[in-house]
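Residue numbers (my numbering), protein chains in the order written: chain A, 1 to 227; chain B, 228 to 505. Positions of the beta carbon are idealized from the N, C-alpha and C atoms, including for glycine. Here the structure is a predicted model, which is why all the values come from computation and not from measurement. What follows is a short report on a single structure.
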């Protein structure tokens with residue numbers, strides 16, 4: 001190694017790191033795909049359940065609240081294990097990747113339901129009353145008045161939640177999904193190097209999350225209500 | 228206490244004549260309880276087509292609750308409301324044991340509410356829509372009319388409330404008086420049989436209050452049926468055909484505006500008016 005680098009870098013095998021970078025980048029892409037799909041599906045499920053949580057019949061609201069309680073109360077790793085073992089028993093055989101997407105979607109949705117509910121309920125009561133007064137039913141009020149105003153308010157907490165989903169995706173390494181943490185771990189045990197793998201892995205996670213944060217900030221501005 | 232229209236002066240000629248014997252809005256034995264608190268007690272009121280009724284009373288007298296019961300934003304505990312022969316909030320159904328009243332489903336209620344406009348103290352304009360679309364969204368989304376046609380109608384209504392140049396403004400870019408006039412136009416856009424005004428000027432300074440009252444006066448002259456809760460006694464005297472005075476959830480006195488406001492019969496009404504007139 002050349003001299004003059006900070007002390008910690010003396011020990012790093014930079015040539016090995018360069019050699020393994022394409023492998024880690026491919027794994028990072030899997031992490032992005034996993035989280036991206038889980039997030040998108042989670043938002044769909046979250047919007048649906050979150051809306052029903054606000055305007056649905058009482059029994060449905062209770063049911064959704066139970067779903068939320070269960071998802072929030074069970075550790076993500078246990079969730080992943082349950083889904084990994086339960087889905088084949090229900091006759092649904094998915095490969096590791098889609099099992100991972102299913103597990104992450106349910107985890108994401110559990111939190112997103114609450115984000116959607118909170119955002120919808122944060123819209124002033126007067127907006128709903130005004131919508132009722134022009135003859136809108138609950139569905140119209142939700143679609144044309146509440147959701148457009150709540151969407152912008154959902155984005156910051158959703159971004160937070162999405163960062164959690166990306167990080168939770170590392171847990172899918174236990175069911176052998178070839179995402180960033182799994183591939184990194186394999187490299188560690190294959191080559192008996194630690195720092196050379198974990199440092200780029202950590203940096204890649206930071207990059208993925210920053211990318212998401214910037215996209216979300218851009219979206220938030222675009223959706224803004226003029227003041 | 229039934230308020231029949233019985234004007235002393237001749238009504239303005241352009242007002243549509245009320246259908247004989249059939250009040251446009253009829254409220255019978257209306258009660259509203261919140262737990263053990265009685266907000267409205269046995270209110271009976273009739274409003275004829277083209278009539279302007281003003282409800283006055285101190286804060287907490289139940290007048291806003293009464294108004295909000297008319298379009299079922301508050302569900303009455305007891306009593307019946309009829310608009311143009313149509314029962315609001317419930318409907319009769321035929322059962323084996325005869326006819327019984329059943330509460331309207333939310334969707335049935337939504338359909339009936341289309342006939343009743345409402346103007347709120349806090350304006351409640353849709354914050355994400357500009358003035359034009361605040362007015363157009365009702366006819367477009369509720370009545371399913373084409374958007375272009377609804378916007379054209381909205382433009383005409385903006386002109387009617389003297390806000391032609393504010394179509395693109397969002398609620399946060401409008402003054403309180405402007406917001407309230409947009410809210411009135413929004414109510415008019417549904418071509419309602421009746422518009423309820425819940426303290427429409429209480430959040431406004433005197434100059435903005437004047438703008439809004441001006442528009443309401445113009446609508447009254449066109450024969451729009453209006454029920455107005457307000458603290459503006461001077462306006463009520465000019466504007467109303469009929470005045471209702473409420474205290475502690477009950478109607479204390481009703482009559483032609485000139486009678487109730489100038490020569491109140493009840494001691495409670497006299498006391499209230501002496502406070503507000505200074």
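Meets three-Cβ-pair contact criterion under 8 Å: the region 341-361 of chain B and the region 126-138 of chain A: Judged by Cβ distances under 8 Å, the region 341-361 of chain B makes contact with the region 126-138 of chain A, as three or more pairs qualify.
Residue 250 of chain B - DSSP class collapsed to helix/strand/coil: Translated into the one-based positions of the second chain, residue 250 of chain B becomes position 23. Coil, per DSSP.
Closer than 8 Å to chain B by CB, residue 129 of chain A: In the first chain, the residue the question calls residue 129 of chain A occupies position 129. Yes, residue 129 of chain A lies at the interface with chain B (some Cβ there is under 8 Å from its Cβ).
Identity of the residue in B:305, B:260, B:338, B:403 nearest residue 289 of chain B by Cα: Counted from its first residue, the second chain places residue 289 of chain B at position 62. B:260 is the residue among B:305, B:260, B:338, B:403 whose C-alpha sits nearest the C-alpha of residue 289 of chain B.
Chain B within 8 Å of residue 186 of chain A, Cβ atoms only: In the first chain, residue 186 of chain A corresponds to position 186, counting from 1. No, no contact with chain B.
Span of the beta strand (DSSP E), counted from its first residue to its last, around residue 319 of chain B: As a working mapping, residue 319 of chain B is identified with position 92 in the second chain. Per DSSP, residue 319 of chain B is one residue of the beta strand (DSSP E) stretching across 317-322.
Within 7 Å of chain B by C-beta, residues of the region 135-146 of chain A in sequence order: Those residues of the region 135-146 of chain A that come within reach of chain B (Cβ to Cβ, closer than 7 Å) are 135, 136, 137, 138, 140, 144, 145.
Delimiting residues of the alpha helix (DSSP H) encompassing residue 486 of chain B: The residue labelled residue 486 of chain B in the question sits at position 259 within the second chain. Bounds of the alpha helix (DSSP H) holding residue 486 of chain B are 484-489.
Local conformation of residue 269 of chain B per DSSP, three classes: One-based indexing of the second chain puts residue 269 of chain B at position 42. Strand.
Cβ of residue 61 of chain A within 8 Å of any chain B Cβ: Here residue 61 of chain A corresponds to residue number 61 of the first chain, with the count starting at 1. Not closer than 8 Å to any Cβ of chain B, the Cβ of residue 61 of chain A fails to qualify, so no.
Boundaries (first-last residue) of the alpha helix (DSSP H) holding residue 212 of chain B: Only positions 228 to 505 of chain B appear in this structure, which leaves residue 212 of chain B out of reach.
Length of the line joining the Cα atoms of residue 327 of chain B and residue 320 of chain B: Within the second chain, numbered from 1, the residue matching residue 327 of chain B stands at position 100. Within the second chain, numbered from 1, the residue matching residue 320 of chain B stands at position 93. Rounded to whole angstroms, residue 327 of chain B to residue 320 of chain B spans 6 Å at the Cα level.
Own chain partners of residue 46 of chain A with C-beta closer than 6 Å, once the 5 adjacent residues on each side are dropped: Looking up residue 46 of chain A in the first chain gives position 46. If we look at residue 46 of chain A and ignore the five residues flanking it on each side, its Cβ neighbours are 109, 112, 113, 116.
Endpoints, beta strand (DSSP E) assigned at residue 65 of chain A: The count along the first chain starts at 1 and reaches residue 65 of chain A at position 65. Secondary structure note for residue 65 of chain A: it is in no beta strand (DSSP E), and the uninterrupted alpha helix (DSSP H) holding it is 58-73.
Candidates A:199, A:220, A:174, A:216: closest to residue 83 of chain A by CA position: For this step, residue 83 of chain A is matched to residue 83 along the first chain. Measuring from the Cα of residue 83 of chain A, the nearest candidate turns out to be A:174.
Spatial distance of residue 371 of chain B from residue 380 of chain B (CA atoms): Locating residue 371 of chain B in the second chain gives position 144, where the first residue counts as 1. Locating residue 380 of chain B in the second chain gives position 153, where the first residue counts as 1. Going by the C-alpha atoms only, they are around 14 Å apart.
Residue 232 of chain B - DSSP class collapsed to helix/strand/coil: Translated into the one-based positions of the second chain, residue 232 of chain B becomes position 5. Only weak support is given to the placement of residue 232 of chain B: the predicted model assigns it a pLDDT of 43, under 50, and the question is left unresolved by the model.
Nonlocal neighbours in the same chain, by C-beta distance under 6 Å from residue 343 of chain B, ignoring five residues either side: As a working mapping, residue 343 of chain B is identified with position 116 in the second chain. Excluding residues within five positions, the ones whose Cβ falls inside 6 Å are 298, 419, 421.
The region 145-156 of chain A in contact with the region 61-80 of chain A per 3-pair CB rule at 8 Å: no
Where residue 148 of chain A meets chain B, residues with beta-carbon distance less than 7 Å: Position 148 of the first chain, counted from the first residue, corresponds to residue 148 of chain A. In chain order: 355.
The beta strand (DSSP E) enclosing residue 472 of chain B, as first and last residue numbers: Within the second chain, residue 472 of chain B is the residue found at index 245, counting from 1. Note, residue 472 of chain B: beta strand (DSSP E), 469-474.
Beta-ladder partner(s) of residue 208 of chain B, from DSSP: The structure shown does not extend to residue 208 of chain B, since chain B is modelled only from 228 to 505, so the question has no answer here.
Cβ-based contacts, 9 Å cut-off: residues of the region 259-293 of chain B near chain A: none
Residues that residue 46 of chain A contacts on chain B, provided the C-beta gap is smaller than 7 Å: Within the first chain, residue 46 of chain A is the residue found at index 46, counting from 1. None at all; the shortest Cβ gap to chain B is about 21 Å.
Beta-carbon neighbours of residue 126 of chain A, restricted to chain B and to distances below 7 Å: Against the first chain, residue 126 of chain A aligns to sequence position 126. Around residue 126 of chain A, the beta-carbon contacts reaching into chain B at under 7 Å are 347, 349, 351.
Rounded separation between residue 393 of chain B and residue 483 of chain B - CA only: The residue you call residue 393 of chain B lines up with position 166 of the second chain. The residue you call residue 483 of chain B lines up with position 256 of the second chain. Cα-Cα distance, rounded: 38 Å.
Sub-8 Å separation of residue 136 of chain A and residue 144 of chain A beta-carbons: For the purposes of this step, residue 136 of chain A is identified with residue 136 of the first chain, where counting begins at 1. For the purposes of this step, residue 144 of chain A is identified with residue 144 of the first chain, where counting begins at 1. The answer is yes: Cβ separation under 8 Å.
Same chain, Cβ closer than 7 Å to residue 301 of chain B, neighbours up to 5 away in sequence not counted: The sequence position of residue 301 of chain B within the second chain is 74, counting from 1. Excluding residues within five positions, the ones whose Cβ falls inside 7 Å are 259, 292, 295.
3 or more residues per run - each beta strand (DSSP E) lying fully within the region 281-310 of chain B: DSSP runs (the beta strand (DSSP E)) wholly in the region 281-310 of chain B: 305-310.
Neighbour flag for residue 133 of chain A against chain B, beta carbons, 8 Å: Looking up residue 133 of chain A in the first chain gives position 133. Closer than 8 Å to some Cβ of chain B, the Cβ of residue 133 of chain A qualifies, so yes.
Short Cβ contact (8 Å threshold) for residue 51 of chain A with residue 142 of chain A: In the first chain, the residue the question calls residue 51 of chain A occupies position 51. In the first chain, the residue the question calls residue 142 of chain A occupies position 142. Contact: yes.
Cutoff 8 Å: residue 252 of chain B Cβ touching any chain A Cβ: As a position in the second chain, residue 252 of chain B is number 25, starting the count at 1. Answer no: the Cβ-Cβ gap between residue 252 of chain B and chain A never drops below 8 Å.
Nearest to residue 166 of chain A (by Cα), restricted to the options A:192, A:201, A:195: Stepping through the first chain from its first residue, residue 166 of chain A is reached at position 166. For residue 166 of chain A, the nearest C-alpha among the options comes from A:201.
Neighbourhood of residue 341 of chain B by C-beta distance below 7 Å, restricted to the same chain and skipping five residues each side: Taking the first residue of the second chain as 1, we reach residue 341 of chain B at position 114. Within the same chain, residue 341 of chain B has close Cβ partners 369, 417.
Range covered by the alpha helix (DSSP H) that runs through residue 388 of chain B: To locate residue 388 of chain B, count along the second chain from 1; it is residue 161. It is not in any alpha helix (DSSP H) - residue 388 of chain B carries neither H nor E in the DSSP assignment.
Identified DSSP bridge partners for residue 94 of chain A: The residue you call residue 94 of chain A lines up with position 94 of the first chain. DSSP output for residue 94 of chain A lists no bridge partner at all.
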